[in-house]
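Residue numbers (the working numbering): 120 to 356.
Below is the structure:
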């Protein structure tokens with residue numbers, strides 16, 4: 120079941136429960152952030168939305184970090200108001216930015232504008248001081264092999280995957296999704312100091328197996344862009 124044929128230097132950690140995976144991931148993230156804050160004035164933490172990271176958020180928010188020096192942002196966001204049930208910003212604020220972690224500096228990808236394209240310049244200004252490469256990146260994955268909002272059917276995918284482009288955010292309008300989105304580009308997501316892929320369930324394991332079968336075909340399954348040395352996979356049943 121766990122025979123994934125992973126690329127060299129990609130580590131996979133398998134857990135019986137989502138809680139166990141969340142605790143291990145929170146420990147690893149807190150350790151990396153703490154080490155970064157010893158040598159840098161600030162540290163960046165990029166997280167993903169959805170239900171899978173909720174126990175991870177709850178574990179991480181209690182860590183005794185110098186949260187006031189941590190910049191938190193999402194890998195992607197739906198272009199909806201913060202009070203919308205589909206808002207990942209709402210999810211992060213209600214589940215991660217609580218307790219000690221409430222001191223963190225949150226950088227929202229949702230800005231005024233009717234569409235992601237309308238708000239793009241404002242998002243770029245909001246992220247102008249974000250230092251690259253990122254320090255910590257936590258990704259999820261859909262059953263179509265997308266990660267962040269790098270969807271295989273998005274007409275903007277080529278631009279978002281172009282690491283020669285200076286853009287660090289891109290509007291995304293995949294026909295498969297009911298909401299327009301904004302995402303960090305591959306250039307922004309690439310080369311983070313610590314990158315983890317957080318997954319739950321056998322369906323995600325099967326998707327990961329398919330992704331590992333031919334990592335060269337990135338546009339078919341964009342998660343393949345991250346299946347490279349240094350990736351840490353945290354999976355639970």
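Yeah, the Cβ is synthetic: ideal placement off N, Cα and C, and Gly gets one too.
Local conformation of residue i per DSSP, three classes
i           : result
residue 342 : helix
residue 120 : Any answer about residue 120 is weak, because its pLDDT of 46 lies below 50 and its placement is not dependable; what the coordinates show is given next. Looking at residue 120 - three-state DSSP - the assignment turns out to be coil, as it is neither helix nor strand.
residue 181 : coil
residue 295 : coil
residue 71  : Within the shown structure, residues of the chain are numbered from 120 to 356, placing residue 71 beyond reach of any answer.
residue 334 : coil
residue 135 : coil
residue 251 : coil
residue 246 : coil
residue 327 : helix
residue 318 : strand
Whole-angstrom C-beta distance between residue j and residue i, which should lie under 8 Å
i           : j           : result
residue 224 : residue 255 : The Cβ separation is near 14 Å, so there is no contact.
residue 290 : residue 208 : Actually they do not touch by this definition, with Cβ atoms about 17 Å apart.
residue 147 : residue 156 : Wrong, their Cβ atoms sit about 15 Å apart, outside the cutoff.
residue 293 : residue 340 : Contact doesn't hold; Cβ gap of about 14 Å is too wide.
residue 168 : residue 210 : 5 Å
Residue i at chain C interface by Cβ criterion, 9 Å
i           : result
residue 154 : This model lacks chain C altogether; it includes just one protein chain.
Buried versus exposed, by CB contacts within 10 Å (16 or more), residue i
i           : result
residue 183 : exposed
residue 195 : buried
residue 113 : Residue 113 lies beyond the range of the chain shown here (120 to 356); nothing can be said about it.
residue 158 : exposed
Next on the checklist: For a minimum of 3 consecutive residues, which ranges assigned as the beta strand (DSSP E) are wholly contained in the stretch 253-285?
Outcome noted: 255-258
Item to check | Whole beta strand (DSSP E) elements within the stretch 179-243, 3-residue minimum | outcome: Counting only runs of 3 or more, we get 189-193, 195-197, 224-226.
Checklist entry - Just checking, does the stretch 242-251 make contact with the stretch 285-304 on the three C-beta pairs under 8 Å criterion? => result yes
Checklist entry - Considering only residues of the stretch 126-173, which uninterrupted alpha helix (DSSP H) runs meet the minimum length of 4 residues and lie entirely inside it, listed in chain order? => result 137-158
Checklist entry - Is the stretch 167-185 close to the stretch 134-143, with three or more CB pairs under 8 Å? => result They touch, by the three-pair rule.
Next on the checklist: Across the stretch 210-221 and the stretch 262-277, are there enough close Cβ pairs to call them in contact, namely three or more that are closer than 8 Å?
Outcome noted: Segment contact: the stretch 210-221 against the stretch 262-277, fewer than three CB-CB distances shorter than 8 Å; contact not assigned.
Next on the checklist: Count Cβ pairs between the stretch 335-350 and the stretch 310-320 that sit closer than 8 Å; are there 3 or more?
Outcome noted: yes
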